[in-house]
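Undergrad: Here numbering that gives the first Met the number 0 is used: position 130 in the sequence shown is 129, and no number is missing along the way. Have a look at this one.
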Amino acid sequence: MTNLMFEHDRIAAPEDAPRVHIIPFGLEDTVSYEGGTAKAPEAIFRAAKEVELWDDELWREPIRSFNEEIIETGPIAKTIEEGMGQLEALVRKTLEAGAFPMTLGGEHSITPGAIKPLVEKHDGLHLLQFDAHADLRDMFRGDYYSHANAMRRCLDDERVNLTSFGIRNISRTEVPFYEENRHRIDIHWAREKAKWDIEKALEPLRGKKVYVTFDVDGFDSSLMPATGTPEPGGMFWDDVMPILRHTAEIADIVGADVVELAPRPELHGCDFLAAKLCYKILAYKFAL
Numbered sequence: 000m001t002n003l004m005f006e007h008d009r010i011a012a013p014e015d016a017p018r019v020h021i022i023p024f025g026l027e028d029t030v031s032y033e034g035g036t037a038k039a040p041e042a043i044f045r046a047a048k049e050v051e052l053w054d055d056e057l058w059r060e061p062i063r064s065f066n067e068e069i070i071e072t073g074p075i076a077k078t079i080e081e082g083m084g085q086l087e088a089l090v091r092k093t094l095e096a097g098a099f100p101m102t103l104g105g106e107h108s109i110t111p112g113a114i115k116p117l118v119e120k121h122d123g124l125h126l127l128q129f130d131a132h133a134d135l136r137d138m139f140r141g142d143y144y145s146h147a148n149a150m151r152r153c154l155d156d157e158r159v160n161l162t163s164f165g166i167r168n169i170s171r172t173e174v175p176f177y178e179e180n181r182h183r184i185d186i187h188w189a190r191e192k193a194k195w196d197i198e199k200a201l202e203p204l205r206g207k208k209v210y211v212t213f214d215v216d217g218f219d220s221s222l223m224p225a226t227g228t229p230e231p232g233g234m235f236w237d238d239v240m241p242i243l244r245h246t247a248e249i250a251d252i253v254g255a256d257v258v259e260l261a262p263r264p265e266l267h268g269c270d271f272l273a274a275k276l277c278y279k280i281l282a283y284k285f286a287l
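Printed below as a string of structure tokens:
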């Protein structure tokens, strides 16, 4: 594996272009249905070699606007607690190098570790979550740090706010926390996506430092079956792209993760979708 993520017919960006650190972090410890997220970074890298670098929407090659580098992480920790500390250190080094952190999970439980250095750097952060699940449980099956309570752990820091799209699964135990924290949590339910007013929904993010956390199960299960907890009734590609683009237009995206891909050999299209999603996030960040 080279240290470049996107190589197909590539023309390099200038040396002084913004730097992106791709952090492969296939931690898998608390998955609750089907596993496989540990293999996601490798599958995404393989698919990324096939991503066409000319963007038909932006009518340019975004790859010429940034220089990405796949970071060597060393052996991934076996537990969430150790893993979050490990990832926190990797993101901190990325920020010290002046680079943009993009983490590839792995399960969603890694996000609290990924955002901690960013919250400290900016004294606050607005999370933009794409997900099928609210992830607001305090505990899940005895785990305080689980993929099912990733956003709850992020919100333990009062400087963090959350805007979510695509949610269509919330548990009884999450509802009280959500209702008590509506001033910090804004959920745009998947069942209402035909009525979403994107500009209005994203107005609270204007001028803010934003972190994009994208659980691929936010996509409809017919589009993204290769994930541990697929849900019907989800988002499609053309639901997501306007949200990402408008966020990049009005806010400062300072980091991102793509999590919960569980690759299947017969479903390589899901790997490609995740790889292209990564490219589009970077395209909107650096090439608008």
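Virtual Cβ for every residue (Gly too), placed ideally from N, Cα, C. Bear in mind that the values here come from a model prediction, so they are computed numbers and not experimental data.
1. Taking Cβ to Cβ, would you say L124 is nearer than 8 Å to L117?
2. Taking only the alpha-carbon atoms, compute the straight-line gap between P264 and L26 and give it to the nearest angstrom.
3. So, for M4: in the same chain, excluding its five sequence neighbours on each side, which residues have a beta-carbon less than 7 Å away from its beta-carbon?
4. Apply the 10 Å Cβ neighbour rule to H182 and answer buried if 16 or more other Cβ atoms are within range, or exposed otherwise.
5. Please classify V50: does DSSP put it in a helix, a strand, or coil?
6. Could you give the distance in angstroms between the alpha-carbon of M0 and the alpha-carbon of E6?
7. Going by beta-carbon coordinates alone, are A39 and G104 separated by less than 8 Å?
8. So for M0, helix, strand or coil by DSSP?
9. Could you name the residues that DSSP lists as bridge partners for Y210?
10. Just to confirm my understanding: we take E106, look at its own chain, exclude 5 residues before and 5 after, and list those with CB closer than 8 Å. What are they?
11. Leaving out five residues before and five after L86 in sequence, what residues of the same chain have Cβ atoms less than 6 Å from its Cβ?
12. Whose C-alpha, out of L243, E157, V209, is nearest the C-alpha of E198?
13. For a minimum of 3 consecutive residues, which ranges assigned as the beta strand (DSSP E) are wholly contained in the stretch 133 to 197?
14. State the Cα-Cα distance for the pair E202 and T246, rounded to the nearest angstrom.
15. According to DSSP, which residues form a beta bridge with H223?
16. Just to check my reading of the structure: F129 and G165 have Cβ atoms closer than 8 Å, yes? What is that Cβ distance to the nearest angstrom?
17. Taking its Cβ as the centre, do 16 or more other Cβ atoms sit within 10 Å of N160, making it buried, or is it exposed?
18. Do you know how far the Cα of A225 is from the Cα of L266?
TA: The answer reads as follows:
1. As a first step, residue 124 must be located in the sequence shown, where it is residue number 125. As a first step, residue 117 must be located in the sequence shown, where it is residue number 118. Against a cut-off of 8 Å, the Cβ pair of L117 and L124 comes out as a contact.
2. Counted from its first residue, the sequence shown places residue 264 at position 265. Counted from its first residue, the sequence shown places residue 26 at position 27. Going from the Cα of P264 to the Cα of L26 covers about 20 Å.
3. Numbered from its first residue, the sequence shown carries residue 4 at position 5. Cβ neighbours of M4 within its own chain (closer than 7 Å, five residues either side excluded): I21, F44, A47, E67, I69.
4. As a first step, residue 182 must be located in the sequence shown, where it is residue number 183. Classification for H182: exposed.
5. For the purposes of this step, residue 50 is taken as the residue at position 51 of the sequence shown. Coil at V50, not helix or strand.
6. The count along the sequence shown starts at 1 and reaches residue 0 at position 1. The count along the sequence shown starts at 1 and reaches residue 6 at position 7. Its pLDDT being 42, under 50, M0 is placed unreliably in this model, and the value from its coordinates should be taken loosely. Across the structure, M0 and E6 are spaced so that their CA atoms are roughly 11 Å apart.
7. Translated into the one-based positions of the sequence shown, residue 39 becomes position 40. Translated into the one-based positions of the sequence shown, residue 104 becomes position 105. Contact flag set, yes.
8. Taking the sequence shown and counting its residues from 1, the one referred to as residue 0 is at position 1. Confidence at M0 is low in this model, with a pLDDT of 42, below 50, so its placement is unreliable and the value that follows should be read with caution. Taken through DSSP and simplified to helix, strand or coil, M0 comes out as coil.
9. Start at 1 with the first residue of the sequence shown, and residue 210 comes out as number 211. Per DSSP, the beta-bridge partners of Y210 are L126, G254.
10. Counted from its first residue, the sequence shown places residue 106 at position 107. Result list for E106: L26, E27, D28, T29, V30, T36, H146, G227, V258, E259, in chain order.
11. As a first step, residue 86 is located in the sequence shown; it is residue number 87 there, counting from the start. Residues of the same chain with a CB within less than 6 Å of the CB of L86, apart from the 5 flanking positions on each side, are F24, I109, G112, A113 in chain order.
12. Here the question's residue 198 lines up with position 199 in the sequence shown. When only C-alpha atoms are compared, the closest one is L243.
13. Runs of the beta strand (DSSP E) inside the stretch 133 to 197: 159 to 166, 184 to 188.
14. Reading the sequence shown from its first residue, position 203 is the one you call residue 202. Reading the sequence shown from its first residue, position 247 is the one you call residue 246. When rounded, the distance between both Cα atoms is 9 Å.
15. Within the sequence shown, the letter at position 224 stands for residue 223. What sits at residue 223 in the sequence shown is Met, not His. Its beta-bridge partners do not exist; DSSP assigns none.
16. Counting from 1 along the sequence shown, the entry for residue 129 is found at position 130. Counting from 1 along the sequence shown, the entry for residue 165 is found at position 166. 5 Å between Cβ atoms; contact.
17. Translated into positions along the sequence shown, residue 160 becomes position 161. Flag for N160 reads buried.
18. The sequence position of residue 266 within the sequence shown is 267, counting from 1. The sequence position of residue 225 within the sequence shown is 226, counting from 1. Distance between the alpha carbons of L266 and A225: 7 Å.
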